[in-house]
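Here's the structure, in structure tokens; my notes come after.
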Amino acid sequence: MQDLELLGYRDRGVRRVYAWAQILDEHQQAATDAAVYAEWVLPDGSPQPAYEDFVGINGTAFFELIGKLQRGTYTFRVIDVQLAGDSFDSAGSVLEARVHVK
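Okay, so the sequence shown: first residue is 47 according to this note's numbering, each after it adds one.
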């Protein structure tokens with residue numbers, strides 16, 4: 047996994063947190079159709095599964111949390127990436143990112 051970006055903000059009382067994971071194969075090409083398994087860690091420390099997403103043709107998987115969310119720091123953690131014929135290089139990957147939401 048090449049990159050992990052988070053964005054969090056509050057708009058009209060609703061907090062939103064988004065994560066984009068860029069997934070590349072061993073040839074640095076978009077790992078299209080790879081399944082990405084991840085979780086959110088909420089500000090109170092409790093984990094919440096992120097729904098599985100599949101990598102699109104641009105190499106990005108997208109995840110979101112929207113609603114009556116707590117104020118604080120959100121962590122997004124990639125647990126596994128599965129793609130037929132490839133193995134997940136967790137040691138060479140960005141697996142976690144954090145964002146603070148007011």
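Beta carbons: idealized from backbone N, C-alpha and C, even for Gly. None of these values were measured; they are calculated from a predicted model.
Coarse secondary structure for residue i, derived from DSSP in three states
i	result
Leu53	strand
Ile125	strand
Val140	coil
Ala77	coil
Leu70	strand
Ala65	strand
Leu115	coil
Asp132	strand
C-alpha gap between residue i and residue j, whole angstroms
i	j	result
Gln74	Tyr64	24 Å
Val87	Tyr120	6 Å
Trp66	Gly54	12 Å
Gly149	Arg144	Because the chain in this structure spans residues 47 to 148, residue 149 falls outside the shown range and cannot be described.
Val82	Lys114	25 Å
Ala84	Arg56	23 Å
Glu98	Asp126	10 Å
Asp79	Pro89	31 Å
Pro95	Glu110	11 Å
Arg62	Glu51	14 Å
Glu142	Val124	6 Å
Residue i, buried or exposed, once every other Cβ within 10 Å from all chains shown has been counted against 16
i	result
Phe122	buried
Phe134	buried
Ala107	buried
Assumed close pair residue i, residue j - CB separation to whole angstroms, cut-off 8 Å
i	j	result
Gly102	Leu70	That pair is no contact at about 13 Å.
Val140	Gly118	Not confirmed; about 22 Å, so no contact.
Leu129	Ala76	About 11 Å separates the two Cβ atoms, so there is no contact after all.
Exercise. Please go through the segment 80-107 and give each complete alpha helix (DSSP H) segment of 4 or more residues, from N-terminal end onward.
Key: The qualifying runs do not exist here; there are none.
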